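Just so you know, the protein sequences line up as chains A and B, in that order.
For the first sequence, numbering that gives the first Met the number 0 gives the first residue as 0, with consecutive numbering after it.
For the second sequence, numbering that gives the first Met the number 0 gives the first residue as 0, with consecutive numbering after it.
Don't be surprised by glycine CBs; every beta carbon is placed ideally from N, CA and C.
Remember, it's a predicted structure, so these values are computed and weren't measured experimentally.
Here is the structure we will look at.
There are 2 protein chains.
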Amino acid sequence: MARRSDRPTLRTIAEITGLAVTTVSRALLDAPQIALETRQRVQRVAREIGYQPDRAARHLRTGRTNVISFVLDPHDELLGFSTSMISGLTRALRDTQYHLVITPHFAEAPTLDPIEYILRNRTADGVVFSRTEPDDPRVKLLVENDFPFVSHGRTDLGIEHAFVDYDNAGFARMAVERLVAKGRRRLALILPPQRFTFHRYLRDGFLAAAAENGVEWELPAEINLDSSAADLYAWLGWRLEQPAPPDGVVCAGEVSALSIMAALSDRGLKVGEDFDLVVKQTSQLYDEVRPRVDAVYEDIAEAGELLGRLLVRRIAGEPVSALQHLQEPIPRFADRSHGTRAAVGARQSA
Amino acid sequence: MARRSDRPTLRTIAEITGLAVTTVSRALLDAPQIALETRQRVQRVAREIGYQPDRAARHLRTGRTNVISFVLDPHDELLGFSTSMISGLTRALRDTQYHLVITPHFAEAPTLDPIEYILRNRTADGVVFSRTEPDDPRVKLLVENDFPFVSHGRTDLGIEHAFVDYDNAGFARMAVERLVAKGRRRLALILPPQRFTFHRYLRDGFLAAAAENGVEWELPAEINLDSSAADLYAWLGWRLEQPAPPDGVVCAGEVSALSIMAALSDRGLKVGEDFDLVVKQTSQLYDEVRPRVDAVYEDIAEAGELLGRLLVRRIAGEPVSALQHLQEPIPRFADRSHGTRAAVGARQSA
DNA sequence: CTATATATTTATAACGTTATAAATCCGGGG
DNA sequence: CCCCGGATTTATAACGTTATAAATATATAG
Chain A
0 MARRSDRPTL RTIAEITGLA VTTVSRALLD APQIALETRQ RVQRVAREIG YQPDRAARHL
60 RTGRTNVISF VLDPHDELLG FSTSMISGLT RALRDTQYHL VITPHFAEAP TLDPIEYILR
120 NRTADGVVFS RTEPDDPRVK LLVENDFPFV SHGRTDLGIE HAFVDYDNAG FARMAVERLV
180 AKGRRRLALI LPPQRFTFHR YLRDGFLAAA AENGVEWELP AEINLDSSAA DLYAWLGWRL
240 EQPAPPDGVV CAGEVSALSI MAALSDRGLK VGEDFDLVVK QTSQLYDEVR PRVDAVYEDI
300 AEAGELLGRL LVRRIAGEPV SALQHLQEPI PRFADRSHGT RAAVGARQSA
Chain B
0 MARRSDRPTL RTIAEITGLA VTTVSRALLD APQIALETRQ RVQRVAREIG YQPDRAARHL
60 RTGRTNVISF VLDPHDELLG FSTSMISGLT RALRDTQYHL VITPHFAEAP TLDPIEYILR
120 NRTADGVVFS RTEPDDPRVK LLVENDFPFV SHGRTDLGIE HAFVDYDNAG FARMAVERLV
180 AKGRRRLALI LPPQRFTFHR YLRDGFLAAA AENGVEWELP AEINLDSSAA DLYAWLGWRL
240 EQPAPPDGVV CAGEVSALSI MAALSDRGLK VGEDFDLVVK QTSQLYDEVR PRVDAVYEDI
300 AEAGELLGRL LVRRIAGEPV SALQHLQEPI PRFADRSHGT RAAVGARQSA
């Protein structure tokens with residue numbers, strides 16, 4: 000069926016209407032130089048025969064791909080981080096001319112490769128990526144090439160660029176205050192690897208809140224959010240046998256927090272009685288985890304949607320200063336009832 | 000930088016070598032009519048100046064997109080199902096000419112829309128999709144259009160087509176035998192919605208094994224794997240108050256199983272003592288869940304990789320009868336030690 | 001009714017690639 | 001020295017689109 004030959008093109012419409020191909024093209028683009036009556040007639044015919052412009056031909060002619068690329072980091076794999084992101088991006092792009100293409104990479108750390116590939120082959124009109132670093136080389140390269148992008152996370156480069164970020168300092172502060180309110184007196188913070196920007200925001204928020212509240216704290220150097228489950232498990236076991244062990248943990252990763260809970264459970268310690276935990280929640284998972292755990296929500300799908308919307312506006316030429324958004328932490332503390340999925344604000348930046 | 004004008008094209012190479020554009024094109028395609036010496040020279044120059052063929056121009060000329068599309072179902076969101084799939088697909092395609100493009104949809108049930116879109120706009124050379132139904136209209140449409148695809152899941156259509164599926168009947172049998180070995184005598188199976196093909200395989204495997212082992216069983220009609228956490232939680236609570244409640248559950252969904260565990264925990268019932276559960280595990284999550292739960296592993300990333308490889312071979316013209324693969328269930332029972340991530344067979348079909 | 005401005009339509013060319021058919025080169029037989 | 005055939009290279013056209021410039025139709029002023 001539907002062989003190449005019977006797909007309608009501009010030429011098909013031109014033959015039907017008796018107009019020139021050029022006229023048809025401009026009529027479909029709603030060019031004001033074409034008579035209104037002609038435009039309407041052409042558009043009607045196009046609709047009737049199911050005409051769809053050929054993306055490849057358009058790209059070849061205009062240099063625009065109408066594609067937005069999301070650089071997928073394999074570390075985002077577990078728990079649907081990137082799926083939520085993709086779902087948000089898709090929502091943002093569904094009523095635009097843009098397609099979403101996933102460009103994955105496989106390196107341990109973020110790498111320039113996928114960005115270089117996109118720049119060299121011009122496979123997209125704009126890029127979104129995550130796991131941003133303070134001195135991120137991807138940001139530098141893209142800015143140098145004047146290529147539109149929005150990063151998930153901020154940088155320290157002194158270059159202004161479009162971003163969507165989560166208020167990790169606010170999250171850390173909120174978490175500390177919650178633990179203090181529960182009577183915890185020595186708090187540990189499990190950080191992401193140091194190279195990521197959100198390491199610093201988490202740490203600063205945590206340290207400031209700990210100081211304000213006059214509690215002891217520690218920043219374990221042996222482990223981080225990318226550590227293996229076994230390492231996290233072993234660390235807490237070891238730490239609980241040392242002098243002055245923590246009685247509360249702030250953990251910005253769902254899966255890491257499960258390892259913490261497993262270690263507590265295997266030693267007979269009870270969350271909510273002997274120990275407390277505040278986790279950064281990015282899925283609905285923790286609604287079902289027992290014992291219940293205090294959580295603060297980060298809406299990844301919303302982040303994806305914002306990233307998509309801001310990128311479209313960036314491509315359209317808006318200045319980057321108008322394209323920066325910080326997401327608010329949303330507390331979901333465990334004293335709320337089962338199944339409460341509080342209205343997760345659909346805050347707007349537009 | 001790198002403006003349109005300074006991207007090398009065939010013309011650039013033609014100017015450098017003094018050959019005609021046509022000759023350069025054929026030399027890069029290694030056509031035997033071009034002198035070996037010429038081919039090598041052209042290929043060397045191409046490498047030196049970093050020539051990359053323009054995908055849009057190729058597509059326009061040849062009709063081939065060099066794109067494979069994965070139809071993303073929003074129901075696969077949680078727990079990285081689709082991310083694992085994407086990661087496997089990417090691995091399969093990374094050394095081929097194909098790009099991976101995600102085509103998402105938002106309907107409740109699988110829908111024809113994304114497939115129709117791909118067929119109409121010829122945005123891909125082949126398609127992969129999941130959540131296959133016994134009478135799947137997508138399979139029909141694609142076969143009618145003679146368009147290459149591989150489904151994740153089988154059909155009952157009597158049309159032979161390429162697929163990758165998981166042996167859900169084997170999973171159910173394995174799960175029942177495990178529960179019986181633990182002394183359970185009344186088993187419940189939580190099924191996916193009836194419209195999916197794997198509903199039947201799970202049910203048949205479960206019923207056969209239950210009959211062979213002479214245990215009682217039930218197939219709750221009120222809930223399924225797509226039910227909300229609250230509904231699953233409420234169902235088990237209700238069921239435990241009725242006469243002859245189940246003492247073992249087989250659950251083919253990780254998140255659903257968490258709701259089951261939450262309901263047990265909230266009533267003081269202990270997994271491993273009063274009750275047992277076998278879950279189908281598709282992530283590393285259950286390694287960290289406490290109490291430990293018996294699991295049988297399904298390797299989604301491997302499924303993605305197989306889907307990609309089979310689709311490439313399908314596009315190349317191999318008959319569908321050679322492009323069918325059934326994945327084996329891999330037991331991961333809870334008596335193994337913490338952190339054991341048993342060698343997950345990298346079985347091959349090729 | 002002509003000249004001129006304005007509205008509308010059209011021809012031409014080009015984006016980068018490759019299929020087809022035609023042209024050129026070269027060595028050897030007559 | 002000419003011609004033939006195989007090896008090698010090249011010109012031409014086309015895929016579907018749109019920017020540019022040119023052409024035509026229509027309206028308005030004089």
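Between B:D246 and B:R183, the gap from beta carbon to beta carbon is short of 7 Å. The continuous beta strand (DSSP E) containing B:S150 extends over residues F148 to H151.
When C-alpha distances from A:P328 are compared across A:T196, A:T22, A:Q280 and A:L322, the shortest belongs to A:Q280. Under the 8 Å Cβ criterion, the segment 55-73 of chain B does not count as touching the segment 24-41 of chain B, having fewer than three qualifying pairs. The beta-carbon separation of B:P191 and B:A233, rounded to 19 Å, does not stay under the 8 Å limit for a contact. With respect to the C-alpha of B:F69, the residue from B:S150, B:V270 and B:P318 having the closest C-alpha is B:S150. One alpha carbon belongs to B:R40, the other to B:L18, and they sit about 11 Å apart. Using a 10 angstroms sphere on the CB of A:P103, the tally of other CB atoms reaches 16 or more, which defines it as buried. With contacts defined by Cβ atoms closer than 7 Å, B:R289 and A:S282 do not form a contacting pair.
B:K279 sits in a strand when the DSSP states are folded into three classes. Among the CB atoms of chain A, one or more fall inside 7 Å of the CB of B:P103. Closer than 7 Å to the CB of B:E301 there is not a single CB belonging to chain A. Contact between the segment 108-124 of chain A and the segment 133-151 of chain A is established, with three or more Cβ pairs separated by less than 8 Å. Taken through DSSP and simplified to helix, strand or coil, B:F105 comes out as coil. Where A:Q39 is concerned, the enclosing alpha helix (DSSP H) starts and stops at L35 to I48. For B:Y116, the enclosing alpha helix (DSSP H) begins and ends at D112 to N120.
Just so you know, the alpha carbons of B:P147 and B:G87 end up roughly 19 Å apart. The C-beta distance from A:E132 to A:R194 rounds to 5 Å, short enough to meet the 8 Å contact threshold. For the options B:S83, B:A229, B:A106 and B:Y97, the alpha carbon positioned closest to that of A:R90 is the one of B:A106. With fewer than three CB-CB distances shorter than 8 Å, the segment 18-32 of chain B does not count as touching the segment 307-319 of chain A. Uninterrupted alpha helix (DSSP H) stretches at least 4 residues long and entirely within the segment 166-249 of chain B occur at 167-180, 196-212 and 228-240, given in chain order.
In terms of CA proximity to B:Q96, B:D53 leads the group B:E159, B:D53, B:L188 and B:V214. Per the coordinates, the alpha-carbon of B:L231 lies some 8 Å from the alpha-carbon of B:N223. For B:A294, same chain residues with a beta-carbon under 6 Å away, outside a window of 5 residues either side, are V278, Q280, Y285 and R331 in chain order. In the three-state DSSP reduction, B:I259 falls in the helix class (H, G or I). Remark: C-beta atoms of A:A56 and A:I12 do not approach each other more closely than 7 Å.
Rounded to whole angstroms, the gap between the alpha carbons of A:N167 and A:Y296 is 11 Å.
Between A:L325 and A:A161, the C-beta spacing is not below 7 Å. Across the structure, A:H198 and A:A174 are spaced so that their CA atoms are roughly 15 Å apart.
Assigned with DSSP and collapsed to three states, A:R331 falls in strand. When 8 Å is used as the limit between beta carbons, A:R289 is near these residues of chain B: M260, A261, S264 and D265, in chain order. The beta-carbon of B:A315 is placed no less than 7 Å from the nearest beta-carbon of chain A. At a cut-off of 7 Å between beta carbons, B:Q96 makes no contact with chain A. By the C-beta density criterion, B:W216 is buried, having at least 16 other C-beta atoms within 10 angstroms. When DSSP states are grouped into helix, strand and coil, A:Y97 belongs to the coil group.
Taking all protein chains shown into account, A:I48 has fewer than 16 neighbouring C-beta atoms within 10 Å of its C-beta and is therefore exposed.
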